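The structure appears right after this line, and notes come after that.
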Amino acid sequence: MRPAHTLPGACPVTWAVVAANAATFVLSFVGFDVRLSFHPAWAAARPWTALTYALDGGGSVLALVLSAYALWLFGGSLERAWGGREYARFLALSTVLPALALWGAASALGRSVGLSGLWLPVAACAVAWSVVNPGERLLVYFALPVEGRWIGWLAVALVFFSFPFPLGAFALAGCAFAYWFSRVGRYAFGPRPPVRLRNPLDVYRRWRRKREFRRLLRRSGLDDLH
């Protein structure tokens, strides 16, 4: 029987990333300089920030909540389908690649750009999820049903237009990797299994029903039989 404190969705890597962002948000809020964000000007001295910028939750609480929810929605679904180790590799590469691409582009063009927060890896997760689930429907803003294929295109558009031209094209390196990985990369060294990801909201609802069922069993005293 699963412990009562287990988080919904069985996606520990995703929850760890969300928790790290929440922790750095609190640290930034109380005045600590976490120094996890990525800037090309000092990337050579702090190369690890090409990865750690995704753990920098400093900024608005609304941006933190929305990005954490989106990561749980798309990234959590990928983690359940692929397994924690493969998902962690995917998440790390989809975080590092756009940082490296922007580093090279900004240096060549003499432009300045900074990265912090979850949005680039979240966009990559959305693209990968949409490739596997092109016909799956999600409720955008809990009201508007949108098919998975359009979710991926929306993520691409948001990334492209979030950076000054032409840096947005280089910021799409993570989304391009996600498309390749979900279609080809995962199966480059083995057979391609017929795996279809489940709607993450359905997984959450199923977890809620199971939790309520266990609660009823405990109240009735029948849980001791399991």
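Offset between the sequence shown (1-based) and our numbering: plus 1358. We treat Cβ as the ideally placed atom computed from N, Cα and C, and that holds for glycine. Treat the numbers as computed from the prediction; the structure is a model and nothing was measured.
Here DSSP, grouped into helix, strand and coil, assigns Arg-1544 to helix. Assignment of Arg-1495 by DSSP, reduced to helix, strand and coil, places it in the strand class. In this structure, the straight-line span from the alpha carbon of Val-1375 to that of Val-1392 is close to 15 Å. Shown here for Tyr-1537: same chain residues with a beta carbon closer than 7 Å to its own, the five before and five after excluded, namely Val-1485, Val-1489 in chain order. DSSP, read as helix, strand or coil, puts Pro-1456 in helix. The bridge partners DSSP lists for Phe-1396 are Leu-1473. For Val-1504, the enclosing beta strand (DSSP E) begins and ends at 1502-1505. If you check the CB distance, Ala-1408 and Thr-1453 come in under 9 Å. For Val-1375, the enclosing alpha helix (DSSP H) begins and ends at 1370-1387.
Cβ neighbours of Pro-1456 within its own chain (closer than 6 Å, five residues either side excluded): Leu-1478, Ala-1529, Ala-1531, Gly-1532. Shown here for Ala-1463: same chain residues with a beta carbon closer than 7 Å to its own, the five before and five after excluded, namely Leu-1525, Phe-1528 in chain order.
Excluding the 5 residues flanking it on each side, Phe-1432 has same chain C-beta neighbours closer than 6 Å at Cys-1483, Ala-1484, Trp-1487, in chain order. Contact between the region 1378-1396 and the region 1405-1423 is present: three or more C-beta pairs spanning the two stretches fall below 8 Å. Annotation for Ser-1435: the continuous alpha helix (DSSP H) segment containing it runs 1434-1440. According to the DSSP assignment, Tyr-1427 belongs to the alpha helix (DSSP H) that extends over 1419-1428. Each of Ala-1381, Tyr-1427, Leu-1458, Glu-1437 was checked against the Cα of Ala-1368, and the nearest Cα belongs to Glu-1437. Contact check for Phe-1387 against Gly-1416 passes: the beta carbons are separated by less than 9 Å. Of Val-1542, Val-1514, Pro-1522, Gly-1506, the smallest CA-CA separation from Ser-1435 is found for Gly-1506. With contacts defined by Cβ atoms closer than 9 Å, Pro-1522 and Arg-1469 form a contacting pair. By the criterion of a C-beta distance shorter than 8 Å, Phe-1518 is surrounded in its chain by Gly-1526, Ala-1527, Ala-1529, Leu-1530, once the five residues flanking it on both sides are discounted. The Cβ-Cβ distance between Ala-1481 and Ala-1426 does not fall below 9 Å.
Exclusion of the five residues before and after Arg-1541 leaves Val-1489 as the residues of its chain whose Cβ lies within less than 7 Å of its Cβ. For Leu-1476, the closest C-alpha among the options Ala-1421, Arg-1573, Leu-1385 is that of Ala-1421.
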